[in-house]
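Asker:
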Amino acid sequence: MIDAHNLTKMFRDKKRGEIRAADDITFRVAPGQIYGLLGANGAGKTTTLRMLATLLTPTGGSATVAGFDVVREPQKVRANVGFLAASTALYGRLTAREMIAYFGKLNGLADAEIRVRTKRLADELDMHEFLDRRCDKFSTGMKQKTSIARTLIHDPAVMIFDEPTLGLDVMTARAIVKFVRECRDRGKTVIYSTHVMSEVEKLCDTVGIIHGGKLLAEGTLPALRASHGEQDMEEIFVKVVGGEDTK
Amino acid sequence: MNWNNIITVYLKELKDSLRDRRTLLSTIIIPTLVMPLLFFTFGAVMMKIDRQARAETPTVMVLGGDDSPAVVARLKQDTRIRVVPAVSDWKQQISDKKVRAAVMIPEGFESGLKSGATATVTIYNYTGESKSRLGVEQVERIFRELSAVTVEARLGARGVPVALTKPFEISRANVAPPEKVGGNIVGGFIPYIIIILCFTGAMYPAMDLTAGEKERGTMETLLCSPVARGDIVVGKFLMVLTASIATMVLSLVSMALTFVLGGSYFAAKMGGAKAAAGATAQMGGVIPIIDPLGVFGAFAMILPVAVLFSAVIFTVALFAKSYKEAQSYVAPMIFVVLLPAMIGIAPGIELNLTLSLVPILNLSLVCKEMLSGVWHWNYIAIIFGSSCVYAAAALALAVRMFNREDVIFRA
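The listed protein sequences derive, respectively, from chains A and B.
First residue of the first sequence? That's 2 in the numbering used here, and the numbers climb one at a time after it.
First residue of the second sequence? That's 6 in the numbering used here, and the numbers climb one at a time after it.
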């Protein structure tokens, strides 16, 4: 479960002054549900997700993830979260097995448990061929599989995906989308940020449209279509953010 | 603090660093090989130049001396030099290294020797040029011998024994223990080297583990784990400290072995078989003896300073967005370290209460004392204590910076 209430993050910039990267954001994601956070670049998606993953501290508001407060219990939150972003890279000089084991250990798992879980993940993700090769020699697909295994090694209840398909080829992106769906099917709470409309249509149970740090619209896909009188997600998005010229 | 997590982070960083060619090069290979390479290359080149210079009979021009035929003939007959005809541009010839030296024999020199007069023989040379120096040495030797013979002849003519001109001899004898003498000679130099090595050893890993990770995108991955930020800092910091100490120890061992083995090798080469036989005995003179306890003392004192360096470089590099940016911040810091380390070498500067609180300089001064076998426990305690305080403050600052999201996610 993710529960965000009036979540706000302000940054100070020497040139631009005070920036409200996330402004009074409230939403809830239930287990077994995918919540899509849809927004353009700079809309506040990454800031919101980083606050939920406790990488950033909110300036205002509150949030609980898997029942733990992001400000008061950040370590417990992280122990229950799998965070996968385009910016979360792998250690190039470690093998995939070492990478997964490292994060297993950091999550407090015993060596025997790590071995069992690594085998299971390698089976599921078809990783055995490259499990003992160094990550810096991997293709994009191999890297993504290793990253997924890294996020899943501690079997977290909540999965946070921040534009995970950014810059990936079609086949790798499809594999990620499939994996996100599987997370939902296993009963995990999933939040997924993207600016790709088709991904939202394929994946999300509920969609939140974020723009300028504010959550402007929220609802299931049918509800959004009904309330905005549009079938196409892109048209709905443009209407919500206030027209073509809005950046 | 969770030591399990700290050790996990440390071991991962150690493994990662040992697989990194750049870290291996800067922490292990260069510190181990640089001194022997420098020493043997430089030594071999110097030996070759010296051998060539000695093999050559220096050419010398005799200026004047028309009324001193016996002296000129003596110079010409001497095989240690080769007298060449004097030319008007003899100064130019010496500057152009065509002639090694010229000797000016004053008018009436030879008759003056007989009559008991005093005269001045001037040798012209190219100061700083080694072959010219060797030529001058030979000419001086010949004239010293002539002087001795003349004195003996003059005294003999008057029936005065030569011993009368030497009423007594002056000799010097060292009473300081050898380690004090050695400590005084190298005591300033060793801490200087240790301080520099400690700093340079920490530089590369500190930048790689902070700015390098940010640049490669693995920092965010690591921060997603439930490990406390303080534990991550300590784990990473221990790796930087390990590299700093490894660089220092490897360099010192390599340096000591190079001096002992290289010194004996070159002594044998330069002096031939006779010197080779006595090489071991000579080592006491070649390699200054230092107090072995002082070496341990110096090592104990350097530890908090190594912590200080590692933590400071770590903090500065953490602020950078990329490895390149970190380099531009960290590289100038070497001058901040060099200055107090160099002041410590200067003769005449002794430890006092104020200086014992100045970081780096205090270490340099106390190491100099300890290597000489001098133990001022009050200063040692103050220096160790203050160094620990500075180190703890620097480490606390590193943890604080690591907790600042505007530093970690600096865009």
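We put the CB at the ideal spot given by N, CA and C, even for glycine.
Just so we're clear, the structure is a prediction, and the values are computed from it rather than from any experiment.
1. To the nearest angstrom, how far is the alpha carbon of Leu362/B from that of Ala102/A?
2. Compute the distance between the beta-carbons of Val159/A and Val72/A, then report whether it is under 8 Å.
3. Are Leu313/B and Tyr395/B touching if we call contact CB-CB under 8 Å?
4. Identify which residue in Met11/A, Val178/A and Glu219/A has its Cα closest to the Cα of Glu164/A.
5. Kindly list, in the order they appear in chain B, the residues whose Cβ is closer than 8 Å to that of Tyr193/A.
6. With a threshold of 8 Å on Cβ separation, who are the neighbours of Leu57/A within its own chain once the five nearest residues in sequence on each side are excluded?
7. Which one or two residues does DSSP pair with Asp14/A in a beta bridge?
8. Among Gly70/B, Gly113/B and Gln143/B, whose alpha-carbon lies nearest the alpha-carbon of Thr84/B?
9. Within 8 Å (strictly less), CB to CB, does Asp25/B reach chain A?
10. With Thr207/A as the anchor, note down where its beta strand (DSSP E) starts and where it stops.
11. Let me make sure I understand the geometry here. Which of Gly61/A, Gly68/A and Arg79/A has the alpha-carbon closest to that of His155/A?
12. So, does the region 232 to 247 of chain B touch the region 339 to 346 of chain B, judging by three or more C-beta pairs under 8 Å?
13. Within 8 Å of any Cβ in chain A, is that where the Cβ of Leu29/B sits?
14. Consult DSSP for Phe340/B and reduce its assignment to one of helix, strand or coil.
15. Please confirm whether Ser230/B has its beta-carbon closer than 8 Å to some beta-carbon of chain A.
16. Can you check DSSP and say which residues form a bridge with Arg29/A?
17. I need the DSSP call for Leu30/B, collapsed to helix, strand or coil.
18. Output, in chain order, the set of chain A residues within a Cβ distance shorter than 7 Å of Asp101/B.
19. Quick one: does Asn7/A have its CB under 8 Å from some CB of chain B?
20. Please compile the residues from chain B whose C-beta is within a distance smaller than 7 Å of the C-beta of Tyr92/A.
21. Give a yes or no on whether the minimum CB-CB distance between Met288/B and chain A is below 8 Å.
22. Cα separation between Thr28/B and Arg94/A?
23. Could you give the distance in angstroms between the alpha-carbon of Gly164/B and the alpha-carbon of Ser152/B?
24. Quick check on DSSP: helix, strand or coil for Arg226/A?
25. List, in order along the chain, the chain A residues whose C-beta lies closer than 9 Å to that of Thr247/B?
26. Are there 16 or more other CB atoms within 10 angstroms of the CB of Ala398/B, so buried, or fewer, so exposed?
27. From Asn7/A to Gly214/A, what does the alpha carbon distance come to, in whole angstroms?
28. Is there a Cβ of chain B sitting closer than 8 Å to that of Lys106/A, yes or no?
29. When you compare only the Cα positions, how much space is there between Leu222/A and Arg17/A?
30. Check Ser176/B in the structure and name its three-state DSSP category.
31. Distance cutoff 8 Å, beta carbons only. Does Thr58/A sit that close to anything in chain C?
32. Answer yes or no: do Lys238/B and Phe407/B have a C-beta to C-beta separation smaller than 8 Å?
33. Measure the C-alpha to C-alpha separation of Glu423/B and Lys274/B and round it to an integer number of angstroms.
34. Comparing C-alpha positions only, which one of Ser256/B, Pro182/B, Asp94/B and Tyr328/B sits nearest to Glu218/B?
35. Can you pull out the residues from the region 125 to 140 of chain A whose beta carbon lies closer than 9 Å to at least one beta carbon of chain B?
36. Tyr15/B to His129/A, Cα distance in whole Å?
Answerer: Reading from the atomic positions:
1. Position 357 of the second sequence, counted from the start, is the residue given in the question as residue 362/B. Position 101 of the first sequence, counted from the start, is the residue given in the question as residue 102/A. Per the coordinates, the alpha-carbon of Leu362/B lies some 46 Å from the alpha-carbon of Ala102/A.
2. As a working mapping, residue 159/A is identified with position 158 in the first sequence. As a working mapping, residue 72/A is identified with position 71 in the first sequence. Going by C-beta atoms, Val159/A is not nearer than 8 Å to Val72/A.
3. Your numbering for residue 313/B matches position 308 in the second sequence. Your numbering for residue 395/B matches position 390 in the second sequence. In terms of Cβ geometry, Leu313/B and Tyr395/B form a close pair [threshold 8 Å].
4. Counted from its first residue, the first sequence places residue 164/A at position 163. Closest option to Glu164/A, Cα to Cα, is Val178/A.
5. Sequence index remark: in the first sequence, residue 193/A carries index 192 (1-based). Correct list: empty, because the minimum Cβ distance to chain B is about 16 Å.
6. For the purposes of this step, residue 57/A is taken as the residue at position 56 of the first sequence. Excluding five sequence positions before and after Leu57/A, the CB atoms of its chain that fall closer than 8 Å to its own CB belong to Lys10, Thr48 and Arg51, given in chain order.
7. Sequence index remark: in the first sequence, residue 14/A carries index 13 (1-based). DSSP lists Gly18/A as partners of Asp14/A.
8. Here residue 84/B is taken as the residue at index 79 of the second sequence, counted from 1. Checking every option, the nearest Cα to that of Thr84/B belongs to Gln143/B.
9. Numbered from 1 along the second sequence, position 20 holds the residue referred to as residue 25/B. Taking 8 Å as the CB threshold, Asp25/B lines the interface with chain A.
10. The sequence position of residue 207/A within the first sequence is 206, counting from 1. Run containing Thr207/A: Thr207 to His212, per the beta strand (DSSP E) assignment.
11. Position 154 of the first sequence, counting from 1, holds the residue named residue 155/A. Arg79/A is the residue among Gly61/A, Gly68/A and Arg79/A whose C-alpha sits nearest the C-alpha of His155/A.
12. Contact annotation: the region 232 to 247 of chain B does not touch the region 339 to 346 of chain B, with fewer than three C-beta pairs closer than 8 Å.
13. On the second sequence, position 24 is the one that residue 29/B refers to. It does not: the Cβ of Leu29/B has no partner Cβ on chain A nearer than 8 Å.
14. Your numbering for residue 340/B matches position 335 in the second sequence. When DSSP states are grouped into helix, strand and coil, Phe340/B belongs to the helix group.
15. Here residue 230/B is taken as the residue at index 225 of the second sequence, counted from 1. Yes, contact with chain A.
16. Mapped onto the first sequence, residue 29/A falls at position 28. BP columns for Arg29/A point to Asp4/A.
17. In the second sequence, residue 30/B corresponds to position 25, counting from 1. In the structure shown, Leu30/B adopts helical secondary structure according to DSSP, grouped into three states.
18. Sequence index remark: in the second sequence, residue 101/B carries index 96 (1-based). Within chain A, no residue comes near Asp101/B; the closest Cβ sits about 59 Å away, beyond 7 Å.
19. What you label residue 7/A is simply residue 6 of the first sequence in a count that begins at 1. Cβ-Cβ to chain B under 8 Å: no for Asn7/A.
20. Counted from its first residue, the first sequence places residue 92/A at position 91. Under the 7 Å cutoff, chain B gives Asp21 and Thr223.
21. Here residue 288/B is taken as the residue at index 283 of the second sequence, counted from 1. Low confidence applies here, because Met288/B scores a pLDDT of 42, under 50, leaving its location unreliable; read the following figure in that light. No, no contact with chain A.
22. The sequence position of residue 28/B within the second sequence is 23, counting from 1. The sequence position of residue 94/A within the first sequence is 93, counting from 1. Separation of Thr28/B and Arg94/A (C-alpha to C-alpha, rounded to the nearest whole angstrom) is 12 Å.
23. To locate residue 164/B, count along the second sequence from 1; it is residue 159. To locate residue 152/B, count along the second sequence from 1; it is residue 147. Going by the C-alpha atoms only, they are around 18 Å apart.
24. Counted from its first residue, the first sequence places residue 226/A at position 225. Helix at Arg226/A.
25. Stepping through the second sequence from its first residue, residue 247/B is reached at position 242. Per Cβ cutoff of 9 Å: no residues; Thr247/B is ~17 Å from chain A at best.
26. Start at 1 with the first residue of the second sequence, and residue 398/B comes out as number 393. The residue in question, Ala398/B, is exposed, as its Cβ has fewer than 16 Cβ neighbours within 10 Å.
27. Reading the first sequence from its first residue, position 6 is the one you call residue 7/A. Reading the first sequence from its first residue, position 213 is the one you call residue 214/A. When rounded, the distance between both Cα atoms is 11 Å.
28. Your numbering for residue 106/A matches position 105 in the first sequence. Interface flag for Lys106/A against chain B is set, since a Cβ pair is found closer than 8 Å.
29. Your numbering for residue 222/A matches position 221 in the first sequence. Your numbering for residue 17/A matches position 16 in the first sequence. Inter-residue distance for Leu222/A and Arg17/A is about 36 Å (C-alpha atoms, whole angstroms).
30. In the second sequence, residue 176/B corresponds to position 171, counting from 1. Coil, per DSSP.
31. The chain labelled as chain C is not found among the protein chains of the depicted structure, namely A and B.
32. Position 233 of the second sequence holds residue 238/B. Position 402 of the second sequence holds residue 407/B. The identity of residue 238/B in the sequence shown is Val, whereas the question assumes Lys. Taking the C-beta atoms as reference points, Phe407/B is found nearer than 8 Å to Val238/B.
33. Here chain B has residues from 6 to 416 only, and residue 423/B is not among them.
34. Here residue 218/B refers to the residue found at position 213 of the second sequence. For Glu218/B, the nearest C-alpha among the options comes from Tyr328/B.
35. Within the region 125 to 140 of chain A, the residues whose Cβ lies closer than 9 Å to some Cβ of chain B are Arg135, listed in chain order.
36. One-based indexing of the second sequence puts residue 15/B at position 10. One-based indexing of the first sequence puts residue 129/A at position 128. The straight-line gap from Cα to Cα measures roughly 27 Å.
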